[in-house]
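Protein chains in written order, with the working numbering: chain R, 1 to 409; chain H, 1001 to 1409.
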């Protein structure tokens, strides 16, 4: 008998009919398994609540936001439990607090501190399907908290870890993790397996299937995560630890992120403390910087560049113009529309020449590279936004990702 | 400094604009007082949730119903707390479980067993307005429960008792308790005061301002209840314990209930156990009987009559036809449309002739009385439904209720 944690997102439970579909899907796995089903709020529920909050207050209190938002999942769990009952199954719903999901007190973006899953375990032992509200928990002050973006995935993975589940299945509106965005690359291939580290790079580089937080949690506790489609029965992508035969694969996928802007601060005096001063000023405005590049200095001066979400671009430029004056830099240049294109693969660790092949491929297409950054298992290039799709297709082709894995060695 | 519990119903918090109005109303009382504000779900929220539940299941589980329904009030408390913050007030919301409202396990109609109001008291001591979800609690098994119809009023009264509040104010869409329904009797007068016992009779006899359960609770714990309009600043009606000067008043009000049906079982053998057999069969079908009348027997036989909600009429007739055969009664007669008209007043206790005056008044209007029932402070008559309005107007006139109280002595 396997213990399976399943998670269904908001679009999978958007109305009564879809909830009944999920119930039927759950029923298919019910016989012979212990099941925990984590669900999100129905479709646009959260948006509707946020609108109400902003109608009554210009700056709603985070504690009260959590109090309000947590109701979304609470409705879904009750409805799904009812729908399971209607199919003749034993099921019981649990809120985040009831499921023993304890968090810190950072309302609207709380972090899980521990899980006391006793009550869920009792339900499973009694032969019940446990239906659990994702996204929410209880702080040490007994306040209702929410986990922020991707919180329901995190609930599922964390519960799977606490219950030592055999697998955590994330049901979503895509069929799995692909070698590139199928909307851009027609012969993009669904990956049957991917390592946690590759998935982390993919997640942070713009593949929207799973949030980084959930993958980090899964990696830390060794939870196998299976990304599958809610609407199709196909096997999806298993995110798991690295196995020996994966070493052979050079590049697993090509990702891209077209939501970025680029800012450079030019001829900064190259002395200790300058980077801290620049990025301290940015952080103070709660702007999250993505890629940072600084090259060696010449004549005691250097240039610093970084990318950031496009929406923060104007604020960042304003902050940096001040900073540039203070540190006596020459000035700043910026571009509100850039794209980041990356190749990801654990095989890069033991192979050289991957980056060179990437740069050559982009050159062949006449695409100028504005910034380069590398990690152990990824190479990222910032390019002009208009070349994004061309770059992804060219790289997918160059690394032969459309063919079977064996062919790409 | 007074401690005031206020309760606002669903129509008072139906949208963001109305919630802001309630916040302004609360703000008027905030200075110099400790305030607990109990709220219901927004307008039609509960109906919407019930529809969803019936879309996923023909017979939703009561535990899951409570899980779902409790979200309605949880949204309102968060929004009201935000709206109070926006006015610069300190406020904190509490769910039923957080407020220490403990109940039995009778889901969808739980009874309050005890209240541990420590957390609310702490908020009040910290100078915060406590915004509390009505209608909900936590069972001894740590399950979310709801209190059934009129549950939010009950939450308010029970909290007022637990906190030893100076007054419990029930804000509603009517201005108070009237001597009769102002829609029927144009010169009906708003009563400035009414005793718990009178209010109980009024509540159970069809005045829809307050549910009997809340009045019983208020009487038991001596909580003064002030019924007021959400939308008008006028003083409403204070429901309180009997005071000496009230003795002078003979009749306080005329109530009517047009939602009743009548069933009689004829020539029942008059022997011990028969009434139990008849009403046992009715109770088994969860039909709640209102007025029961049985006269003395003749020749060893008697007739039993009772009234019940019109919606249960058909089921009751079916049950009783069986029972009539079993107990060898002659048969049953029934009427799906009757009205009950009553006069209420603590002064009746010490005055005779009140009932006679009522009967004479109805006779003068040519209204036949089908059943009569009396309590210590009320006389009720069942009449043909079409005479209901005429009867109420005639009785209101006969007992001079439209004038000032002094004149009615």
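Using N, Cα and C, we set each Cβ at its ideal position, and we do this for glycine too.
Residue j beta carbon less than 8 Å from that of residue i
i, j, result
"residue 251 of chain R", "residue 393 of chain R", "no"
"residue 1260 of chain H", "residue 1310 of chain H", "yes"
"residue 104 of chain R", "residue 113 of chain R", "yes"
"residue 1224 of chain H", "residue 1240 of chain H", "yes"
"residue 1383 of chain H", "residue 1346 of chain H", "no"
"residue 1333 of chain H", "residue 1266 of chain H", "yes"
"residue 1028 of chain H", "residue 1003 of chain H", "no"
"residue 1061 of chain H", "residue 85 of chain R", "yes"
"residue 320 of chain R", "residue 268 of chain R", "no"
"residue 1057 of chain H", "residue 1013 of chain H", "no"
"residue 1177 of chain H", "residue 1202 of chain H", "yes"
Top-ranked residue by Cα proximity to residue i, from the options
i, options, result
"residue 1131 of chain H", "H/1140, H/1155 and H/1114", "H/1155"
"residue 1402 of chain H", "H/1106, H/1216, H/1043 and H/1179", "H/1179"
"residue 1280 of chain H", "H/1316, H/1381, H/1253 and H/1303", "H/1316"
"residue 1221 of chain H", "H/1232, H/1168 and H/1053", "H/1168"
"residue 270 of chain R", "R/330, R/151 and R/198", "R/330"
"residue 1011 of chain H", "H/1397, H/1152 and H/1278", "H/1152"
"residue 243 of chain R", "R/227, R/314, R/193 and R/13", "R/193"
"residue 1209 of chain H", "H/1165, H/1062, H/1149 and H/1328", "H/1149"
"residue 398 of chain R", "R/353, R/275 and R/31", "R/353"
"residue 213 of chain R", "R/181, R/157, R/119 and R/282", "R/157"
"residue 1303 of chain H", "H/1102, H/1328 and H/1196", "H/1328"
"residue 1293 of chain H", "H/1305, H/1077, H/1075 and H/1218", "H/1305"
"residue 255 of chain R", "R/172, R/189 and R/161", "R/189"
"residue 161 of chain R", "R/268, R/216 and R/335", "R/216"
"residue 38 of chain R", "R/325, R/283 and R/81", "R/81"
"residue 1108 of chain H", "H/1143, H/1088 and H/1350", "H/1143"
"residue 122 of chain R", "R/36, R/63 and R/70", "R/36"
"residue 291 of chain R", "R/274, R/257, R/69 and R/385", "R/257"
"residue 191 of chain R", "R/235, R/197, R/218 and R/231", "R/235"
"residue 1307 of chain H", "H/1348, H/1287, H/1219 and H/1075", "H/1287"
Chain H contact residues for residue i, given Cβ-Cβ distances below 8 Å
i, result
"residue 108 of chain R", "None at all; the shortest Cβ gap to chain H is about 12 Å."
Alpha helix (DSSP H) segment containing residue i, residue limits
i, result
"residue 86 of chain R", "62–86"
"residue 219 of chain R", "212–221"
"residue 125 of chain R", "118–125"
"residue 101 of chain R", "No alpha helix (DSSP H) contains residue 101 of chain R, which is instead part of the beta strand (DSSP E) from 101–103."
"residue 200 of chain R", "196–204"
"residue 282 of chain R", "274–284"
"residue 1358 of chain H", "1354–1364"
Expected contact under 8 Å - CB spacing of residue i and residue j to nearest Å
i, j, result
"residue 1009 of chain H", "residue 1045 of chain H", "That belief does not hold up - the Cβ atoms of residue 1009 of chain H and residue 1045 of chain H are roughly 12 Å apart, past 8 Å."
"residue 339 of chain R", "residue 365 of chain R", "Their Cβ separation, rounded to whole angstroms, is 13 Å, which puts residue 339 of chain R and residue 365 of chain R out of contact at 8 Å."
"residue 379 of chain R", "residue 342 of chain R", "7 Å"
"residue 79 of chain R", "residue 120 of chain R", "That pair is no contact at about 19 Å."
"residue 1083 of chain H", "residue 1129 of chain H", "At roughly 11 Å, the Cβ-Cβ gap does not stay under 8 Å, so residue 1083 of chain H and residue 1129 of chain H are not in contact."
"residue 1285 of chain H", "residue 1170 of chain H", "Rounded, the Cβ-Cβ distance is 33 Å, inconsistent with contact."
"residue 1375 of chain H", "residue 67 of chain R", "Contact doesn't hold; Cβ gap of about 44 Å is too wide."
"residue 1165 of chain H", "residue 1005 of chain H", "5 Å"
"residue 145 of chain R", "residue 110 of chain R", "4 Å"
"residue 1430 of chain H", "residue 1134 of chain H", "The requested residue 1430 of chain H does not occur in the structure, where chain H is confined to residues 1001 to 1409."
Proximal residues of chain R, C-beta to C-beta of residue i below 7 Å
i, result
"residue 1055 of chain H", "16"
"residue 1060 of chain H", "82"
"residue 1079 of chain H", "52, 53, 56 and 68"
"residue 1019 of chain H", "56"
Run of the beta strand (DSSP E) containing residue i, from where it starts to where it stops
i, result
"residue 33 of chain R", "33–39"
"residue 18 of chain R", "Not the beta strand (DSSP E): residue 18 of chain R falls in the alpha helix (DSSP H), residues 16–30."
"residue 151 of chain R", "Taken as a continuous stretch (DSSP letters only), residue 151 of chain R belongs to no beta strand (DSSP E), being part of the alpha helix (DSSP H) at 151–162."
"residue 3 of chain R", "2–8"
"residue 94 of chain R", "91–94"
"residue 1306 of chain H", "1301–1309"
"residue 1043 of chain H", "Element bounds for residue 1043 of chain H: n/a, residue is neither H nor E."
"residue 140 of chain R", "That residue, residue 140 of chain R, is in no beta strand (DSSP E); it is neither H nor E in DSSP."
"residue 237 of chain R", "237–240"
Chain R residues whose Cβ lies nearer than 9 Å to that of residue i
i, result
"residue 1086 of chain H", "56, 57, 58, 59 and 60"
Within chain H, the residues that residue i reaches when beta carbons sit closer than 7 Å
i, result
"residue 64 of chain R", "1078, 1081, 1082 and 1093"
"residue 71 of chain R", "1071, 1074 and 1075"
Listed by chain order, chain R residues near residue i by CB distance under 8 Å
i, result
"residue 1049 of chain H", "75"
is_contact[residue i, chain C] using C-beta, thresh 8 Å
i, result
"residue 1284 of chain H", "Note that chain C does not occur in the displayed structure, where the protein chains are R and H."
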